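Structure first, then comments.
Residue numbers (our numbering): 22 to 92.
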């Protein structure tokens, strides 16, 4: 058997499995929605865009360089 044939069979196996499950599809949808919500909330509240507030325009590179040198 060639590598392409084995890879194709594995891919076909997983595609058929996901296509035939009903409860699993619903659970995966819920998991993906929860992950999107969690990461969106984390991005907004815990990881603010500090660089856009501290440096404007082409000053960003010099600001980052200065911060790296200070630390």
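Virtual Cβ for every residue (Gly too), placed ideally from N, Cα, C.
Only a predicted model underlies this, so the values are computations on that prediction, with no experimental measurement involved.
Contact set for residue i: own chain, Cβ-Cβ below 7 Å, skip 5 residues either direction
i	result
residue 118	Given a span of 22 to 92 for the chain in the structure shown, any question on residue 118 remains unanswerable.
Residue i - DSSP class collapsed to helix/strand/coil
i	result
residue 68	coil
residue 50	helix
residue 76	coil
residue 92	coil
Residues near residue i in its chain [Cβ-Cβ closer than 8 Å; skip 5 each side]
i	result
residue 40	none
residue 84	72, 75, 76
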